[in-house]
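The sequence shown lines up with residues 1 to 336 when you count with UniProt numbering.
Everything on this sheet refers to the single structure shown next.
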Amino acid sequence: MYTARKKIQKEKGLEPSEFEDSVAQAFFDLENGNQELKSELKDLYINNAVQMDIAGNRKAVVIHVPYRLRKAFKKIHVRLVRELEKKFSGKDVVYPAEIVGKRIRYRLDGAKVIKIFLDPKERNNTEYKLETFSAVYRRLCGKDMYTARKKIQKEKGLEPSEFEDSVAQAFFDLENGNQELKSELKDLYINNAVQMDIAGNRKAVVIHVPYRLRKAFKKIHVRLVRELEKKFSGKDVVIVATRRIVRPPKKGSAVQRPRTRTLTAVHDCILEDVVYPAEIVGKRIRYRLDGAKVIKIFLDPKERNNTEYKLETFSAVYRRLCGKDVAFEYPMTETA
């Protein structure tokens, strides 16, 4: 009797799992209920199927088919996947897309990344599944494909938040779609990102980047921030290098603490990062009548056009990062 079990033939006569039975049933239902696919599916069957977890609570259904039937499956691939994804709602059904190019890149830290170029003719059918392709390939072969997840590397292998994924995606899109920034962004990535509330219902996107990449980011800072602020419409973007404060050594200890790791030095460097590309040309500390301490910072007026609209943002971000109140001004220039 012809049943759904005929649509799956596992090696060595193993019994299908419950999930594999559900996939075989989906093939059986399509063969008997879909006039468009009925004749093509008649002699086709699968070897096995597995469900994988993808980033962002997404799932993928990976279906293995016999090698000798691969061409027959490719003929009906788009229609078949479309129908299967209807049956497995919210899950991506993975099947190989056509590869038109391949490039291997080595990062500054020595990590190897494979960049795969897919046929743009099938963009509408594959673009929404690029993260899925990468995750499935990593699971099957233990190798990394180049996707937006490569633009963020959090400490201790932590998973990025949904917002951090969106920032990494923005960097990935700029690298692949902006000719002006493409070459400079190639080896750059971020550590984390956070969204902050600013006065007047404004918001800021604070992006932390690796300390050793800070100079590379500063070279493209103005152009990069301009493009990111277009993507995060209405939000000010601030880029800060990741730094660590080291505790003072215990009394009598021979260990010396580097000057750059002291609290004062780190806070001063963070302040310079927050206001970049403007340079700090003066600093004044004021004490209020109630004893409160306010730091007044004077910025180089040469960068006034790029920074003046973000002075409130600079103050709020620095207060959040370092717990200090700062007021920003531009020094008065003498006129002839």
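Here a beta-carbon is modelled for each residue, glycine too, at the ideal position from N, C-alpha and C.
Beta-ladder partner(s) of Gln-256, from DSSP:
None; Gln-256 has no bridge partner.
Determine which residues share a DSSP beta bridge with Ala-204 and list them.
Beta-bridge pairing links Ala-204 to Met-196, Asp-236.
By Cβ distance below 8 angstroms, which residues in the same chain neighbour Val-326 in space, the five residues on each side in sequence not counted?
Take Val-326, set aside five residues on each side of it, and the residues of its chain with a beta-carbon closer than 8 angstroms to its own are Leu-271, Val-294, Ile-295, Lys-296, Ile-297, Phe-314, Ser-315, Tyr-318, Arg-319, in chain order.
Taking Ile-15 as part of the alpha helix (DSSP H), name the residues at either end of that continuous run.
Sequence inspection shows Glu at residue 15; the Ile mentioned does not correspond to that position. Counting along the chain, Glu-15 falls outside any alpha helix (DSSP H), and DSSP gives it neither H nor E.
Tell whether a beta-carbon distance below 9 angstroms holds between Thr-126 and Phe-133.
Yes, they are a contact pair.
What is the rounded straight-line gap between the Cα of Met-332 and the Cα of Glu-229?
Roughly 29 angstroms between the two C-alpha positions.
Rounded straight-line distance, which links the Cα of Tyr-309 to that of Thr-335:
Its pLDDT being 48, under 50, Thr-335 is placed unreliably in this model, and the coordinates cannot settle the point.
Three or more C-beta pairs closer than 8 angstroms, one from the stretch 32 to 42 and one from the stretch 77 to 89: is that the case here?
Contact between the stretch 32 to 42 and the stretch 77 to 89 is present: three or more C-beta pairs spanning the two stretches fall below 8 angstroms.
Reduced DSSP secondary structure (H/G/I, E/B, other) of Gly-101:
Gly-101 falls in the strand class under three-state DSSP.
For Val-81, does the three-state DSSP call read helix, strand or coil?
Helix.
State the Cα-Cα distance for the pair Ser-17 and Phe-217, rounded to the nearest angstrom.
So the two alpha carbons sit approximately 50 angstroms from each other.
Three-state secondary structure (DSSP) at Tyr-287?
Strand at Tyr-287.
Which one of Leu-311, Gly-234, Arg-261, Glu-15 has the shortest CA to CA distance from Asn-201?
Of the candidates Leu-311, Gly-234, Arg-261, Glu-15, Gly-234 places its Cα closest to the Cα of Asn-201.
Presumed contact (8 angstroms Cβ cut-off) between Thr-307 and Val-275, rounded CB distance
The C-beta separation of Thr-307 from Val-275 comes to about 7 angstroms, placing the pair in contact by the 8 angstroms criterion.
Between the CA atoms of Ile-245 and Leu-263 - distance to the nearest angstrom:
Straight-line Cα distance between these residues: approximately 6 angstroms.
I need the straight-line Cα distance from Pro-258 to Tyr-211, nearest angstrom please.
Going from the Cα of Pro-258 to the Cα of Tyr-211 covers about 15 angstroms.
Own chain residues within Cβ distance below 7 angstroms of Arg-261, not counting five before or after:
Around Arg-261: Arg-244, Ile-245, Val-246.
Along the beta strand (DSSP E) that carries Arg-243, what are the first and last residues, could you check?
Per DSSP, Arg-243 belongs to no beta strand (DSSP E) and is neither H nor E.
With DSSP collapsed to three states, give me the class of Ser-166.
When DSSP states are grouped into helix, strand and coil, Ser-166 belongs to the helix group.
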